[in-house]
Structures are given as structure tokens and as C-alpha cells.
Amino acid sequence: MQQNDLMKSLVGAFLYLAPQEGLYPTYISNITLMRVDHSTQPVAVLQEPSIVLVIQGVKRGYIGKETFQFQQGQCLLISIAIPFDCDTWVENEPMLAIAIKFESQMMADLATKMNKEQQLSIDELEKRDIKLSCGLNIIEMNSVISEVALRLLHLLRSKQDTAILGEQIKRELIYRVLQAGSRDLIENLSAMISRNSVIYTICEIIQRDYYHNLTVQELAKQAGMSVSLFHQAFKKVTNYSPLQYIKITRLHKARDLILNNQMGVAEAAYQVGYVSASQFSREFKRLFGVPPKSSMN
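Under the UniProt record's numbering, the first residue of the sequence shown carries the number 1, and numbering increases by one thereafter.
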């Protein structure tokens, strides 16, 4: 089947599973379907390591002064949990995307094995990916990726099928996305994860223990670095200082508690490690543009 026909089939299979706007968790862990029917303003997000396949529509991201766009037939590879602003552009048809979260270690294992086994071939010249900052890459979907994605969407119709085959097809889809990238992408990803594995580990610690009283000194000690060297290495990988990263992580976690757990503002602030509710409210509004109480509506 040609790529254009595959994309049409993907849209149809997706709409069957997502008949209206919203986020659709699936029977496969860490795979979510996203449907957006209207254009959105930029909103701050904390995107965990993941691959986002855009089946239809356009999404845009903003990191500092950098703007990037990924659209139908493209995948965004996010190799480290990183905060950025994101919006959606909808013209006539809804934006449809498959989001697959993964553990950095699984990505490292795949990239390392592929880097070891991969041989340069003629069709390597046809592979294209766009390198963005801070562990972000845009990869073009090919017919192989589309066929696996289509099998995934069909599989999601059956709870029994996904229980037996779900993890296998998830790994295959991640592998095919990596395979569609250039040799440089695999080499760089493998080297980056290996070289910066300590920083990746620290980021995972922050994501897990954000509600504790984390200090730069303690994190630097866990990384086996001086405070100044740790600060430089951390910012090089994430584009944020350690304290900025901790603060943004806490604010995103608090927003999730308010939105999804109907938790009060003061309690959410306390749960993520804030001592002062007023400070929490100020920093929340600075990041998201609205006070935390507005998120409860």
C-alpha cells in the first residue's frame, strides 16, 4: 500500500477509536491517542521521553527562541523529559496523534544495538531527520512506520489482543521510527544517552522525587560532579538550570493534581513541595498565564 493510502487508512482507524475530541488512554501502557478539534493557544507542557506520531494536522513547539513544527506524516522524538510550550493548528480536520512514552533506558538499549548492527546502505541517503535542540528530532514517517501504526490502531480494538501483543508492537513501532532516522541520529542518540546518562538519571530522579526538598548540591553529589560542572552539564542537556527544571516539574505536577484529581490549590502546592501557597500561585501564573484557581474551572 502506498504511503498516501496508508495515511488515509490511519485517519479512518484513528477516528474509529477517537470519535470526538479528547485524550484516549489505551489498553497498552504509555500509549495515548490525542484528538484536538480546534486550534489552541501555546500552553506550557512537560513532555516526558516519548514519540509523537502525527496522523493528521499540525502541532508547533517553542523552546526559548526556537520554534519548530511537526505535522501529518511526521514523528517528534523526545529523548529526555523537557518543558516547552506547544500549540495545535486546526483548519478543517481535527489534529490526530499517537503519543508513546518510553523509558530512557529502553531507548538507550535500542539505539546502542542499532548503532552496533547498522550498516551503511544506498537507501541511507534517502533518510531524513531534523535535529532540534535538547534531544528533540523530527523524523518523516515512511510506509513501514505507517503499516506498524495501522496494525497498532487495529490491535487497540481488542483488549485481549493488546494484552498479548501490545508491548511487542509498541517496541516495534519505536524501533521503526528510530530506523527511519539517519545513521547520524542513531549514533548521536546512542552517544548522547551514554555520555549524558548521569544527567538523564538526575532528570528521572527529579521526575520521581520532585516533592522532596531537592538541592543542587545534593543532585551534583549524586551526579559525582562539582556544583558548577553539574550546572553546566545539566543546562546543556535540558536547556534549563537544575532549579528551573525542578520548579517547572513541580508546577506541572501540581497542575495535573488540580485538573485531574480535583485537588485544592493549597493542597496541590503542598503535595509538590511548596511551603508557601502564595509563592506557588505567583509562579503558577507566571508559567501558565492563569492563576491556579482558574485551572479548577
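We put the CB at the ideal spot given by N, CA and C, even for glycine. This one's a predicted model, so the numbers in the text were calculated from it and none came from an experiment.
Counted within 10 angstroms of its Cβ, other Cβ atoms place residue i as buried (16 or more) or exposed
{"i": "G61", "result": "buried"}
{"i": "N239", "result": "buried"}
{"i": "L125", "result": "Bear in mind that a pLDDT of 35 at L125, under 50, signals an unreliable position, so the number given afterwards is only what the model happens to contain. Counting Cβ neighbours within 10 Å, L125 comes out exposed, since fewer than 16 surround it."}
{"i": "H252", "result": "buried"}
{"i": "L229", "result": "exposed"}
{"i": "T215", "result": "exposed"}
{"i": "M1", "result": "exposed"}
{"i": "E283", "result": "buried"}
{"i": "G73", "result": "buried"}
{"i": "K113", "result": "exposed"}
{"i": "K247", "result": "buried"}
{"i": "K59", "result": "buried"}
Whole-angstrom distance between residue j and residue i, CA atom to CA atom
{"i": "L257", "j": "A268", "result": "6 angstroms"}
{"i": "T26", "j": "F102", "result": "15 angstroms"}
{"i": "S241", "j": "E204", "result": "15 angstroms"}
{"i": "K127", "j": "Q262", "result": "Summary for K127: the model assigns pLDDT 49, below 50, so the residue's position carries little reliability; its value from the coordinates is reported in the next sentence. Each residue's alpha carbon lies about 46 angstroms from the other."}
{"i": "S226", "j": "A220", "result": "6 angstroms"}
{"i": "L165", "j": "Y175", "result": "16 angstroms"}
{"i": "G273", "j": "L46", "result": "17 angstroms"}
{"i": "E21", "j": "F288", "result": "22 angstroms"}
{"i": "F70", "j": "I139", "result": "9 angstroms"}
{"i": "I51", "j": "Q232", "result": "27 angstroms"}
{"i": "K65", "j": "D85", "result": "11 angstroms"}
Contact under 8 angstroms by Cβ, residue i with residue j
{"i": "A81", "j": "Q207", "result": "yes"}
{"i": "L6", "j": "E167", "result": "no"}
{"i": "W89", "j": "S39", "result": "yes"}
{"i": "R35", "j": "A13", "result": "no"}
{"i": "L178", "j": "L110", "result": "yes"}
{"i": "R255", "j": "Y210", "result": "no"}
{"i": "Q57", "j": "L96", "result": "Before going on, a small fix: residue 57 reads as Gly here, not Gln. Cβ atoms of G57 and L96: closer than 8 angstroms."}
{"i": "A180", "j": "I202", "result": "no"}
Test: residue i CB closer than 8 angstroms to a CB of chain B
{"i": "F280", "result": "Going by chain labels, chain B is absent from the structure shown, which holds only one protein chain."}
Paired residues, beta bridge with residue i - DSSP
{"i": "Y62", "result": "T67, D85"}
{"i": "T201", "result": "None, per the DSSP bridge assignment."}
{"i": "R35", "result": "G22, L96"}
Close beta carbons around residue i, own chain, < 8 angstroms, minus the five adjacent residues each side
{"i": "V265", "result": "I258, A277, F280, S281, P292, K293, M296"}
{"i": "A149", "result": "L10, L53, I55, I98, M141, L173"}
{"i": "P49", "result": "I78, S79, I80, A81, K101, F102, E103, S104, M107"}
{"i": "H212", "result": "G273"}
{"i": "V275", "result": "none"}
{"i": "residue 301", "result": "This structure gives no information on residue 301, because the portion of the chain shown stretches from 1 to 297."}
{"i": "Y245", "result": "P83, C203, I206, F234, T238"}
6 angstroms Cβ shell around residue i - same chain, five flanking residues per side excluded
{"i": "Y24", "result": "A18, L33"}
{"i": "F234", "result": "I199, P242"}
{"i": "A44", "result": "D85, L287, F288"}
Contact set for residue i: own chain, Cβ-Cβ below 7 angstroms, skip 5 residues either direction
{"i": "K170", "result": "I28, I31, I100"}
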